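Since the structure comes first, as structure tokens, the remarks are kept for the end.
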Amino acid sequence: MNLNIEDLLDDAMLPEIPVAPVSLDLTERICDKTMKKIQKMQHPRRIRPMRVAIAAAAAAALLCGSAFAAYENGWFGFDQVFGAETAQVEPHIVVYSAQESDEAQAQVDTTADASQDAVTYTADTTDYRFTLESMLSGQDSLYAIVRMEPLTDYGKSHMGLTDQEGFDMIASNTSDDVGGSLSCTLTSTDDQASYYLLTASGCDNHVGDLVNFEVLSIPTETGETSASLFSVALTDVMDTEKTISLDRAVYSDLNYLDTLTITPLSLTITGWYDCEAYENAMIDNGDGSFTVTMDEPAYPKVTITLTDGTSFSLANGETVDLAEYGTYGSMNADFTISDQTNVETCTWTFSQVVDLDAIAEINVDGVAYTLD
Amino acid sequence: MDEMAMLVRIGTGDEQALESVIRQMNGYVVAIIRGRSRGKLSQEDLEEVASDVFVALWTHAAEIRPGHLKSWLASVARNKTADRLRRRRETVPLEDMEITVPDTLWHNLAREERRERVAAALASLSAQDREIFARYYQLCQSTHQIAQAMGMNPSTVRTRLSRGRETLKNFLCEGRFDYELEY
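Protein chains in written order, with this note's numbering: chain A, 235 to 606; chain B, 41 to 223.
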């Protein structure tokens with residue numbers, strides 16, 4: 235049998251190796267993040283109140299026509315995520331769920347032509363039934379809404395599961411090597427159903443690609459388990475995008491950004507990060523610690539300003555600024571550096587649809603760009 | 041405050057005690073995450089993983105044996121980093137992480153006996169080799185980094201790691217089922 239040496243050494247008394255102290259700023263941020271997570275555990279996550287969701291649905295119904303009726307029948311759709319802005323991406327939303335009411339079905343069908351031949355995707359675990367409601371895909375971002383209904387008494391008494399209870403569900407494109415960063419957000423729950431918004435940021439989506447839905451962990455009476463739910467082929471990938479060449483002069487040759495691509499659902503910046511130079515930029519202090527003389531890989535500082543004066547930050551130069559769905563900002567971000575090519579890619583998946591015609595300026599690392 | 045008292049305080053929900061451990065240990069945890077991810081995690085991810093490690097400490101403080109906080113943090117930091125990389129479909133090729141011993145042998149060894157054999161194996165190594173082991177397997181430093189820190193050639197580090205693993209294996213298999221050894 236193969237034994238992992240790290241595990242073997244867990245209990246062993248190894249010599250103390252001094253490590254480089256981290257900055258006070260980093261210590262504060264780690265402290266702050268930890269304490270916030272602990273607070274969340276002590277005070278269960280506040281779910282967006284139903285009356286707010288209904289109000290949003292009503293507002294959306296005025297513009298989209300169909301959303302409110304669908305919601306009355308227990309359906310949580312993208313109108314609940316993006317509100318009135320859903321209209322911008324409506325033709326690309328693929329609806330899968332079968333509605334209990336014919337009227338509701340008819341209403342839902344008007345929001346997505348592709349749903350006319352919709353197949354229902356449902357899978358059961360011991361205590362729950364999972365159903366894919368709808369999906370929206372851009373070239374580098376994916377959103378999916380999944381309904382979870384209880385099948386057992388245990389399920390009924392454990393609704394609204396989050397990561398704090400050991401629940402994690404993902405939707406990932408299996409057809410490429412770039413799965414991206416995956417997130418799972420509980421958007422609504424009661425004793426009948428919980429709804430989750432799954433996102434993948436930094437993927438590479440094409441029509442025909444298979445998206446795998448998996449429950450990575452879910453509590454049961456006998457402990458945690460996992461389940462593969464269903465695989466769904468992408469039938470629509472939104473390809474609206476605008477591209478900007480970034481100013482290389484503001485960066486070093488070892489670590490620079492060169493292209494920005496924005497879509498109504500995401501923003502991606504590509505550049506170059508010389509990993510080998512980074513390794514060589516580590517200077518041995520002689521006491522077991524290292525001083526790094528080259529910037530560590532980090533998200534660039536990005537702010538978007540709309541023509542109505544609304545401004546929102548995607549990252550502050552070190553960390554990502556995450557925003558709740560339905561508000562301007564990003565709800566998921568991905569950062570990768572390719573081993574082979576040193577190409578650095580940062581993708582933010584928006585938490586609200588962005589009208590590209592309404593963008594006044596995108597500021598990247600202090601340089602302002604327009605989409606003209 | 042000693043480690044046991046600190047763990048008891050964290051276990052009873054004392055946030056100040058946790059904050060104190062974070063300030064004391066975050067350099068160590070961050071070093072492991074950086075080492076294990078080989079620069080493939082962003083600063084944001086690194087901070088998220090580090091905070092996840094301390095959240096795990098918050099929920100599992102009562103299960104940690106006094107005197108083993110550091111190794112427990114190291115183990116959780118390595119696993120959480122690997123989870124984060126897996127979620128990003130990133131792979132960090134890690135070499136020589138396993139040794140092979142006969143199934144029957146391992147199952148016949150009691151947990152305490154396993155610990156004793158690992159301790160004996162480490163005690164038989166030179167101080168320098170133990171440091172290499174600690175840097176490679178606990179702090180997740182690369183052989184290149186270890187070589188720089190200890191003023192050695194990287195190939196020397198790799199050779200010493202290989203000998204150390206062989207010693208570990210020999211101690212684990214000592215006196216038992218030698219004919220089953222798989223090389």
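No residue lacks a Cβ here, since even glycine has one placed at the ideal position from N, Cα and C.
Computed from a prediction, not measured in an experiment: that's the story for all the values here.
Can you find a C-beta in chain B that's less than 9 Å from the C-beta of residue i?
i      : result
A:V598 : no
A:T365 : no
A:L494 : no
A:E552 : yes
A:K535 : no
A:P498 : no
A:V445 : no
A:A532 : yes
A:P384 : no
A:F405 : One point to set straight first is that residue 405 of chain A is Ala, not Phe, in the sequence displayed. Closer than 9 Å: no.
A:A549 : yes
A:S585 : no
A:V484 : no
A:A254 : yes
A:Y490 : no
A:I503 : no
A:P453 : no
A:E181 : The structure shown does not extend to residue 181 of chain A, since chain A spans only 235 to 606, so no value can be given for it.
A:I478 : no
A:I251 : yes
Can you find a CB in chain A that lies within less than 9 Å of the CB of residue i?
i      : result
B:M44  : no
B:I62  : yes
B:T183 : no
B:H108 : yes
B:T196 : no
B:G67  : yes
B:T140 : yes
B:M192 : no
B:K80  : yes
B:R175 : yes
B:S166 : no
B:V70  : yes
B:A90  : yes
B:R203 : no
B:R154 : yes
B:V48  : no
B:M85  : According to the sequence shown, residue 85 of chain B is Asp rather than Met. Interface residue, yes.
B:R118 : yes
B:D218 : Residue confidence is low: B:D218 scores 42 on pLDDT, short of 50, so the model does not pin down where it sits. No coordinate-derived value is stated.
Do you know whose CA, among the options, lies nearest residue i's CA?
i      : options                        : result
A:D358 : A:F447, A:F312, A:L491         : A:F447
A:S572 : A:E558, A:T504, A:T604, A:S451 : A:T504
A:S371 : A:F312, A:D591, A:D508         : A:F312
B:C180 : B:A101, B:T196, B:S77, B:L81   : B:S77
A:T495 : A:V484, A:A461, A:A594, A:T579 : A:T579
B:A161 : B:G191, B:T207, B:V48          : B:T207
B:R105 : B:L47, B:S182, B:Q64, B:S115   : B:L47
A:A461 : A:Y512, A:S451, A:D492, A:D374 : A:S451
B:I50  : B:G67, B:F94, B:E88, B:K80     : B:F94
A:I239 : B:L97, B:I139, B:S182, B:S60   : B:I139
A:C437 : A:R482, A:Y388, A:L499         : A:L499
A:P249 : B:S166, B:D42, B:T196, B:S195  : B:S166
A:I517 : B:R198, B:S202, B:G191, B:K209 : B:G191
A:N407 : A:T459, A:V471, A:V577         : A:V471
Is it buried or exposed for residue i, if we count other Cβ within 10 angstroms and need 16 for buried?
i      : result
B:M44  : exposed
A:A301 : Its pLDDT being 38, under 50, A:A301 is placed unreliably in this model, and the coordinates cannot settle the point.
A:T561 : exposed
A:N651 : With chain A covering 235 to 606 only, the question about residue 651 of chain A has no answer from this structure.
A:S651 : Only positions 235 to 606 of chain A appear in the structure, and residue 651 of chain A is not among them; the question remains open.
A:H326 : buried
A:R280 : The pLDDT assigned to A:R280 is 32, lower than 50, so where the model puts this residue is not dependable, and the model offers no usable value.
B:G5   : This structure leaves residue 5 of chain B out entirely; chain B is present only between 41 and 223.
A:E367 : buried
A:A295 : Confidence in A:A295 is poor, its pLDDT being 35 and thus under 50, which makes the residue's placement too unreliable to answer from.
A:V353 : exposed
A:G563 : buried
A:K270 : exposed
Using Cβ-Cβ distances below 9 Å, what residues of the region 258-272 of chain A are close to chain B?
L260, T261, R263, I264, C265, D266, K267, T268, M269, K270, K271, I272
Give the residues from the region 378-403 of chain A that approach chain B closer than 7 Å (Cβ to any Cβ), ordered along the chain.
none
Selection of the region 552-581 of chain A by Cβ proximity to chain B, strictly under 9 Å:
E552, T553, V554, A567, D568, F569, T570, I571, D573, C580
Which residue spans inside the region 63-93 of chain B form an unbroken alpha helix (DSSP H) run of at least 4?
none
Unbroken stretches of the beta strand (DSSP E), 3 residues or longer, contained in the region 537-599 of chain A:
545-550, 564-571, 577-584, 593-598
Quick one: which residues of the region 236-249 of chain A get their C-beta closer than 9 Å to a C-beta of chain B? List them in chain order.
N236, L237, N238, I239, E240, D241, L242, L243, D244, D245, A246, M247, L248, P249
Selection of the region 504-515 of chain A by Cβ proximity to chain B, strictly under 8 Å
C509, Y512, E513
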